[in-house]
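Taking it in order: structure first as structure tokens, then the write-up.
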């Protein structure tokens, strides 16, 4: 089976330990699925104990054998009961009693934190190390970029399948189902992991016609009616007709690594204004590829993109309408949909090589529809490189 | 669009307010997607303020218009900034300053709780009301049972499609993808919401042949290799051959309501022992339908099922092998995969009419494979009623 290389895991742990040291945290207890996968190479029912210095211990309740076969970390120690945790943490700290423990307080539920604090670590202070972890995860290694490029090949398979599957009268939900099957066949894992509380991604937003401009609660430029009030966003039962623009925004997952892509299609010529909007989106991409370089400040990049849109006279419809605007033009992604950097107003994070994000300058025209191109990019020394080999043309079928 | 009836919402809120009153909680602030859907009829980016007595207020950041069209709750109040929350809570409490506020501390991340506690409600005590909410959600209304029955019709569509799709050489992942498409076409929403931290469900477990007995970290009798260490469970790239047992365990979702089902298949005759195990699983179902009545204690039901299995001489392989056993024989489900009741050792919850759970007596035979039937049941006055109309026969194709 596929494995995360040992050198990857070792480098990640080295960075984490360095940050724990400088932050005065004696040891971290990593518990969340995505972070476990990042630091161990597998998701198991486990705690990863990372001391600020010394050897990490992978404490696994279940499944111990599979943890050993899928992760390069040694030792893998079986956990029978949670009361085993404090002595193992102490052992990882080479016998000294740790005072400050780090956990992922951005995702750990409050009741679980209380349990760790009161029952297991009454003499320790538990502090949040989620920002340290997220900071490390922000810069992708060469291997990780390769994973995201392979996810981009799934995205291409999806984009290439649309002309075969899109036909008059097909519903958004059906088209989405067919494309999910294409994605699964191309290796899509079926996950779109999110870090933010309450955030849920189900494959993406496949939206068509004027109703595509329907806003939703989801923090994104596009919303959509959805199929149900239980998940009031994304594809609906609406049937696609000729002359409508169809926006295919999909989240592909290759062994946990994500690739977010939007391509637009139509059966026959789409409305001229949407065609123009798509062209503008593509032009903004071209310009942004040169502008978003290491050293650029994310908040300033956001404002620059808005400035280009204003100059083109399209700001009324950019990233939403009225008060329903997405506050960002790009969101970081990798193992989760909502990583750093967020390219949004007021953000001060500075771009560095190896950062990845989905850039989605989109136009929402009430009563007409939506249009816009989205690629997953990596920051290189001279600008952005797309991880999406799919054609960027608006496909008129 | 589909809507949750106003009478449902009203009844749920009445029960919640009664429990808040008797628990001495002045008001609850409901935030989690599933609970919002349950109490308002829609998932939006919102807080639902439920005072112990008086009118609830649906405080919506986004999308206000859609909240108004999808939810019967009035008033819907737009939230501009989180600092609007405390005055609205006070208004809902008819102007008196609440002292004890309830939140869902089993799912709310620790950092978010700190924010509510320190920035917004420094003078209030925030207590956990998740058990109150989960208790109400345990008893399904007639309407909810109808939703779960409709989800069962999606499960039937999946089961009925297997004979058309299963062929020699198809991989588990491909078969799973084809069945997901069938499910989507039948109205499956593509969600399998979980309450437990780190729990993730992707459609279900489609497992075949001897490797089906591979255990995983997932808290369930079956595991499977999976396709990736990023999600080391479920369908793999293994190709299905004649004479193997194929276990199709799927999670269908109709407007948020779940139906969990397992049916077994084979191309040609499967191994005799697995056939026998499937037959025994079906017999256990028959017996359990009569035994699991209102008044039965869940822990005792669990032990009774184990007793039947011991009498049949199959306990060595029941619900796992060695130390890898699922501690339950059934898990509650409804809007989430992990609701009450849990029919597990030591549980003291007493069955009541209207409770629903997935009963999955399964046999795991290392080196041979897995077998077992699973239905979603509702507790009626005289025993269990299945919400799964799909044929329960082992299908030899």
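Chains as they are written, first to last, in my numbering: chain A, 8 to 404; chain B, 8 to 404.
C-beta: ideal position from N, C-alpha, C; glycine also.
Stretch pair the region 76-93 of chain B + the region 106-115 of chain B: three plus CB contacts closer than 8 Å: The answer is no - the region 106-115 of chain B does not touch the region 76-93 of chain B, with fewer than three Cβ pairs under 8 Å.
Run of the beta strand (DSSP E) containing residue 266(B), from where it starts to where it stops: Looking at the DSSP string, the run of the beta strand (DSSP E) that includes residue 266(B) is 264-273.
Runs of beta strand (DSSP E) wholly within the region 311-394 of chain B (minimum 3 residues, chain order): Whole beta strand (DSSP E) segments, 3+ residues: 335-339, 346-351, 363-366, 369-372, 376-379, 382-387 and 390-393.
Chain-ordered neighbours of residue 266(B) on chain A, where CB pairs are closer than 8 Å: For residue 266(B), no chain A residue has a Cβ inside 8 Å of its Cβ, as the nearest lies near 14 Å away.
Segment limits, alpha helix (DSSP H) that includes residue 66(A): Here residue 66(A) belongs to no alpha helix (DSSP H); instead the beta strand (DSSP E) covers 64-69.
C-beta atoms of residue 108(B) and residue 33(B) nearer than 8 Å: Yes, these two residues count as a Cβ contact at 8 Å.
Within-8 Å CB hit, residue 187(A) to chain B: Residue 187(A) counts as touching chain B.
Start and end residues, alpha helix (DSSP H) containing residue 172(B): Unbroken alpha helix (DSSP H) run through residue 172(B): 149-172.
Contacts of residue 262(A) in chain B (Cβ-Cβ under 8 Å): Per Cβ cutoff of 8 Å: 235, 236 and 237.
The region 211-231 of chain A in contact with the region 60-79 of chain B per 3-pair CB rule at 8 Å: Yes: the two stretches touch, three or more of their Cβ pairs being nearer than 8 Å.
Members of the region 48-82 of chain B near chain A, C-beta cut-off 7 Å: Near chain A, meaning a CB-to-CB distance below 7 Å, the residues of the region 48-82 of chain B are 48, 49, 50, 51, 52, 69, 70, 73 and 77.
Pair within 8 Å by beta-carbon distance, residue 251(B) and residue 390(B): No, the Cβ-Cβ distance between residue 251(B) and residue 390(B) is not below 8 Å.
Beta bridge counterpart(s) of residue 211(A) as assigned by DSSP: Partner(s): 257(A).
Pairwise C-alpha distance: residue 167(A) and residue 166(B): Residue 166(B) and residue 167(A) have their C-alpha atoms some 30 Å from each other.
Cβ-based neighbour list, residue 339(A), same chain, cut-off 6 Å, excluding 5 preceding and 5 following: Closer than 6 Å at the Cβ level, and outside the excluded window around residue 339(A), lie 346, 347, 348 and 364.
Residue-chain proximity (residue 130(A), chain B), Cβ-Cβ < 8 Å: Residue 130(A) does not count as touching chain B.
Of the residues 230(B), 185(B) and 190(B), the one placed nearest residue 207(B), counting alpha carbons only: For the residues 230(B), 185(B) and 190(B), the minimum Cα distance to residue 207(B) belongs to 230(B).
Cβ of residue 27(B) within 8 Å of any chain A Cβ: Chain A contact via Cβ: absent.
Within-8 Å CB hit, residue 223(B) to chain A: At least one beta carbon of chain A lies nearer than 8 Å to the beta carbon of residue 223(B).
Chain A contacts from the region 106-126 of chain B (Cβ-Cβ distance under 7 Å): Listed by position along the chain: 112, 113, 114, 115, 116, 117, 118, 119 and 120.
Host alpha helix (DSSP H) of residue 54(A) (start-end): Run containing residue 54(A): none in the alpha helix (DSSP H); it sits in the beta strand (DSSP E), 52-58.
Residues of the region 13-43 of chain A with Cβ closer than 7 Å to any Cβ of chain B, in chain order: So the close ones are 39 and 40.
Delimiting residues of the alpha helix (DSSP H) encompassing residue 110(B): It is not in any alpha helix (DSSP H) - residue 110(B) instead sits in the beta strand (DSSP E) that spans 107-110.
Supposed close pair residue 170(B), residue 402(B) - CB separation, criterion 8 Å: Indeed they touch by this definition, with Cβ atoms about 6 Å apart.
Amino acids of chain A, ordered along the chain, whose beta-carbon sits closer than 9 Å to that of residue 184(B): Close partners of residue 184(B) in chain A (Cβ separation under 9 Å): 187, 188, 189, 190, 191, 192, 195 and 197.
Cutoff 8 Å: residue 136(B) Cβ touching any chain A Cβ: It does not; no Cβ of chain A falls within 8 Å.
Whole-angstrom distance between residue 55(B) and residue 65(B), CA atom to CA atom: If I take the Cα positions, the gap works out to 5 Å.
Neighbour list for residue 11(B) in chain A, Cβ cutoff strictly below 8 Å: Under the 8 Å cutoff, chain A gives 236.
Among 306(A), 36(A) and 78(A), nearest to residue 139(A) - alpha-carbon criterion: When only C-alpha atoms are compared, the closest one is 36(A).
Proximity test, Cβ basis, 8 Å: residue 370(B) and chain A: Proximity of residue 370(B) to chain A, defined by a Cβ-Cβ separation below 8 Å, is not satisfied.
C-beta atoms of residue 257(B) and residue 186(B) nearer than 8 Å: Taking 8 Å as the Cβ cut-off, residue 257(B) and residue 186(B) qualify as a contacting pair.
Cβ separation of residue 80(B) and residue 41(B), assumed to be a contact under 8 Å, to the nearest whole Å: About 16 Å; that fails the 8 Å criterion.
Inter-residue spacing [alpha-carbon to alpha-carbon] between residue 327(B) and residue 216(B): Computed Cα separation, rounded: 16 Å.
Element boundaries [beta strand (DSSP E), containing residue 85(A)]: Looking at the DSSP string, the run of the beta strand (DSSP E) that includes residue 85(A) is 83-85.
Close Cβ partners of residue 297(A) (< 7 Å) along its chain, the five nearest in sequence each way excluded: Result list for residue 297(A): 390, in chain order.
First through last residue of the beta strand (DSSP E) which encompasses residue 132(B): Residue 132(B) -> beta strand (DSSP E) spans 132-135.
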